[in-house]
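Our numbering numbers the first residue of the sequence shown as 18 and each following residue consecutively.
C-beta atoms are modelled at their ideal positions from N, C-alpha and C, and glycine is treated no differently.
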Amino acid sequence: MNSLKVAQVLRERGISIFTPLDFQRIFGVSFYSSKNFISHHIKTGLFIKAKNGVYVFSENKPPEFLIANKLYQPSYISFETALSYYHIIPETIYTIFSATTKPSREFEVMDKIFNFHRIKKGLFFGYRPQKVKGTTVLIAEPEKAIVDYLYFVDLKKKTLNERINIRKVSKEYIKKIIKLYRRKSLLNLLEKIL
C-alpha cells in the first residue's frame, strides 16, 4: 500500500478517525496488513494513536466531540461540555465530558483530556445526533445534560455551578427525566436552581 494513495483516499472520503477494521474495509486489505500499515505510519506521522485501536489521520484532525464519541463507545457528550455548548453555563470547558455505560475512564489525546462518566444503562438516553463543526456527533439534549450534571452533583462527584442558567429549556421535560432517576434529592437540587 502506498501512503500517498492512502492519504488521498482518506482525504477524499473525509475520514479523520478510524479503527483498523474501518481501514481494512476501506482499503480491502487483511486486518493484519491494516494494523501493520497503521503501526508503521504512526512513526512517519501520517497517523496519530488516540488509544489502542483508534487512530487519527494527522492531515485531517477530527473535531474534539467526534474524538470523544469514537474514543470510548457507547458514549455521548454531556455534563459541563454539553452545558457550555448550549450556553447553559457561561464558562468554556477545556475537558470533554461524556456519559457512558462502561466504567469511568479518562484519556489524553492530542493534549486534550476526554473524561467519561459511567451512568446506569437505564439512564443512557436523551441524546441525539447533531451536526457540530461539519460532522455528526452524539450529544445530550440540553435537558438531559442538565440532569446528568445535577445527578453527579447530587452524588457529590461534581460541584454545582452557581451560574447555571436553565431559563431557555423545558422545566417540565427536566422533571420528567428526573423522575426516571428515582432520587428525591435530585428534585430538591433542581428546585434550588429554578
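By the Cβ rule, the segment 159-173 counts as touching the segment 188-204, because three or more pairs are nearer than 8 Å.
In terms of CA proximity to T36, S51 leads the group Q25, R30, T152, S51.
Take the alpha-carbon of I94 and the one of L155: they are about 6 Å apart. Per DSSP, E76 is not a residue of any beta strand (DSSP E), being assigned neither H nor E. DSSP places Y144 inside the beta strand (DSSP E), whose first and last residues are 144-149. Beta-bridge analysis with DSSP links R135 to T117.
At a Cβ-Cβ threshold of 9 Å, V71 and F44 do not count as neighbours. The three-state reading of DSSP puts V186 in coil, since its state is none of H, G, I, E or B. For L155, the uninterrupted beta strand (DSSP E) segment begins and ends at 152-157. With a threshold of 16 other beta carbon atoms within 10 Å, F48 falls short and is exposed. When only Cα atoms are considered, F169 and H104 end up about 19 Å apart. The straight-line gap separating the alpha-carbon atoms of V149 and E81 is approximately 10 Å.
With respect to F141, S115 sits apart: the two C-beta atoms are not nearer than 9 Å. The Cβ atoms of P79 and S33 sit closer than 9 Å to each other.
Shown here, R30 sits in a helix according to DSSP, grouped into three states. According to DSSP, R122 shares a beta bridge with F133. In the DSSP annotation of this structure, the continuous segment of the alpha helix (DSSP H) that includes Y49 starts and ends at 48-60.
The residues I130, N132, in chain order, have a CB closer than 7 Å to that of T112 in the same chain once the five nearest residues on each side in sequence are set aside.
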